[in-house]
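*Asks:*
2 protein chains.
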Amino acid sequence: MTIENISCNKSFDGWHKQYSHFSKTLNCQMRFAIYLPPSAGVNKKVPVLYWLSGLTCTDENFMQKAGAQRLAAELGIAIVAPDTSPRGDDVADDAGYDLGKGAGFYVNATQAPWNRHYQMYDYVVNELPDLIEELFPVSDKRSISGHSMGGHGALVIGMRNPQRYRSMSAFSPISNPMDCPWGKKALTAYLGTDESTWQAYDASLLMRKATDFVPVLVDQGGADDFLVEQLKPEVLQAAAKESGYPLQLAIHQGYDHSYYFISSFIEQHLRFHAEYLNK
Amino acid sequence: MTIENISCNKSFDGWHKQYSHFSKTLNCQMRFAIYLPPSAGVNKKVPVLYWLSGLTCTDENFMQKAGAQRLAAELGIAIVAPDTSPRGDDVADDAGYDLGKGAGFYVNATQAPWNRHYQMYDYVVNELPDLIEELFPVSDKRSISGHSMGGHGALVIGMRNPQRYRSMSAFSPISNPMDCPWGKKALTAYLGTDESTWQAYDASLLMRKATDFVPVLVDQGGADDFLVEQLKPEVLQAAAKESGYPLQLAIHQGYDHSYYFISSFIEQHLRFHAEYLNK
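Residue numbers (this note's numbering), protein chains in the order written: chain Y, 1 to 279; chain C, 1001 to 1279.
1. What are the complete alpha helix (DSSP H) segments, minimum 4 residues, inside the segment 1168 to 1233 of chain C?
2. Below 8 Å between beta carbons is the criterion; list the residues of the segment 61 to 85 of chain Y that meet it against any residue of chain C, in chain order.
3. Along chain C, in chain order, which residues have C-beta atoms closer than 8 Å to that of Y/His-16?
4. Which of the residues in the segment 222 to 235 of chain Y, read from start to end, lie with their CB under 8 Å from any CB of chain C?
5. Check each residue of the segment 47 to 59 of chain Y: if its Cβ is closer than 9 Å to any Cβ of chain C, include it; give the result in chain order.
6. What residue range does the beta strand (DSSP E) around Y/Gly-145 cover?
7. Does the beta carbon of Y/Tyr-286 come closer than 8 Å to any beta carbon on chain C?
8. Which residue marks the beginning of the beta strand (DSSP E) containing C/Ser-1007, and which one marks its end?
9. Throw me the rounded Cβ distance for the Y/Gln-119 and Y/Leu-26 pair, which I believe falls under 8 Å.
10. Counting along the chain, where does the alpha helix (DSSP H) carrying Y/Ala-72 start and finish?
11. Counting only the same chain and skipping the five closest in sequence on each side, list residues whose C-beta sits under 6 Å from that of C/Phe-974.
12. Quick check on the DSSP output: the beta strand (DSSP E) that includes C/Ser-1264 runs from which residue to which?
13. Specify, as a first and last residue, the run of the beta strand (DSSP E) that C/Leu-1036 falls within.
14. In terms of residues, what are the limits of the beta strand (DSSP E) holding C/Pro-1129?
15. Interface residues of chain C around Y/Asp-256 at Cβ under 8 Å?
16. Which residues mark the beginning and the end of the beta strand (DSSP E) in which Y/Lys-17 is found?
17. Are any of the Cβ atoms in chain C nearer than 8 Å to that of Y/Ser-143?
18. Once you ignore the five residues that flank C/Gln-1237 on each side, which residues in its own chain have a CB closer than 7 Å to its CB?
19. Inspect the CB distances between the segment 1015 to 1023 of chain C and the segment 91 to 99 of chain Y and report whether three or more fall short of 8 Å.
20. Identify every residue that forms a DSSP beta bridge with C/Leu-1247.
21. Short of 7 Å Cβ to Cβ, which residues in the segment 160 to 174 of chain Y face chain A?
22. Output yes if chain Y places a C-beta closer than 8 Å to the C-beta of C/Ser-1139; else output no.
23. Would you identify the three-state DSSP class for Y/Ser-108, choosing helix, strand or coil?
24. Does any CB atom of chain Y fall closer than 8 Å to the CB of C/Ser-1039?
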């Protein structure tokens, strides 16, 4: 396993670092970022919060804009932010911002030309944690969170792997991708037109059928331009009601889809995850 | 006075907004950002911290990356972030990142072609506060802070206008621009080769001669790549010793020149300014 450190910044007495590595799952070179709190060390393994970003993002958006390091340092939690898709000149792409590079949707693509690289579900669930837990002073206590497309990813991955994640949360998730324009476009391209194959990637559908519950917090801005057409938190809430899933979902009036919203509520998310990670 | 609102995001229960306006001082259209804490309102004027950014920045870097809104909301302080130079197709520029657009150095240029637009000192000291205090629910209690080139600007503007600012602070300021490559290049271009005209823009020189003191806090990263050649906090410290200026300067080992450093210590700066602004 070769992995190259490409940046390093001290932050809240801990360290923000970016790495490049070859992903076997994605069949390309990938970058990720990790924040290591000051308490992490050779004799102290810390738990990890995985953060999945939204459309057009890389590993950098959350690390630069969310203000999460202050809390991660205080609570003794590492944060790992992968990229949002495979990358590189030979990776298939689309002219739209909502398909292809920067828009991997955290699925395992089955359709050409996407299936050669777009295996983000397996990368986030298996390869990346294996690498992180081998190379860094972290434990196998994991939680997962994300924003928009990454909120979708966090909820889907959390619900499909309740034994691997202690808690999950999302900001403004694409809650019902089977029934919104972003989701339909991406799932058709990556998985094909047989909608039964989409079901494993729909948070509302998974929540409706769930029997093994992961603690979950969802925050949504009430002034989010994508709220009605793309995000549909009401579908997620109805699903939770049906299965009895203990979903904590709040709509925050006036807040939009930006990192100004995320940064305003990231403290609550970190403290929520810390409850389960630091048990 | 025409001023156009171009963006608006709720943030920590207050509002981040960007505006465009025609600056008479700079003779061009300018953008600035303001954060209004939730306590600001028709019956409650809040004090203002002006933030001056560094080379290559716009009004956006600080607002997106510093994590200052959390404290500004708590402490009831507005933050105003101007751009770092005049802007527009007819504004003189240089191929280097350290002169021209994005590099106004907060001086009033006297040399062609720069003098037609590059009057950032007057813009920050007079025109912008006049506009802010006329249009927003803010008082005339002002403090000033900045980073790198903006740290230089904040210290120079604070020391030259002790009656206008209650406190000043800087991250990684260009402390002695008369004697570093960035400063020499910019001051030569904007002010000409007569170095006596540079003196009004050198924080160390102003601090050495000061008799009217403004409370001042300076933080510097010990692993900053620009520390030795460009920033020279030791010159500022020697100047303070000479005049008895009550400078609080700290070097923080391991921290670099990035916003990861600024965000790690912004809370101390906001609380420092609040002491004087909320008196």
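Ideal placement from N, C-alpha and C gives every residue a C-beta, glycine not left out.
*Replies:* Inspection of the coordinates gives the following:
1. 1181 to 1191, 1203 to 1209
2. Gln-64, Lys-65, Gly-67, Gln-69, Arg-70
3. Tyr-1260
4. Ala-223
5. Result list empty, no residue passes.
6. The question names Gly, yet the displayed sequence has Ser at residue 145 of chain Y. It spans 138 to 147 - the beta strand (DSSP E) in which Y/Ser-145 sits, taken as one unbroken run.
7. Examination of residue 286 of chain Y is not possible in this model, given that chain Y is present from 1 through 279 alone.
8. 1003 to 1011
9. Here Y/Gln-119 really is in contact with Y/Leu-26; their C-beta atoms are around 6 Å apart, less than 8 Å.
10. Run containing Y/Ala-72: 69 to 75, per the alpha helix (DSSP H) assignment.
11. This structure gives no information on residue 974 of chain C, because the portion of chain C shown stretches from 1001 to 1279.
12. Per DSSP, C/Ser-1264 belongs to no beta strand (DSSP E); it is in the alpha helix (DSSP H), 1259 to 1277.
13. Start and end: 1028 to 1036.
14. Element bounds for C/Pro-1129: not the beta strand (DSSP E) but the alpha helix (DSSP H), 1128 to 1135.
15. Asn-1009, Lys-1010
16. 14 to 23
17. no
18. Leu-1247, Leu-1249
19. The segment 1015 to 1023 of chain C, when compared against the segment 91 to 99 of chain Y, does not touch it at the 8 Å Cβ threshold.
20. Paired residues: C/Val-1216.
21. Looking at the structure shown, chain A is missing, and the protein chains on hand are Y and C.
22. Judged by the 8 Å Cβ criterion, C/Ser-1139 is not in contact with chain Y.
23. At residue 108 of chain Y the sequence reads Asn, which differs from the Ser that was named. Strand at Y/Asn-108.
24. no
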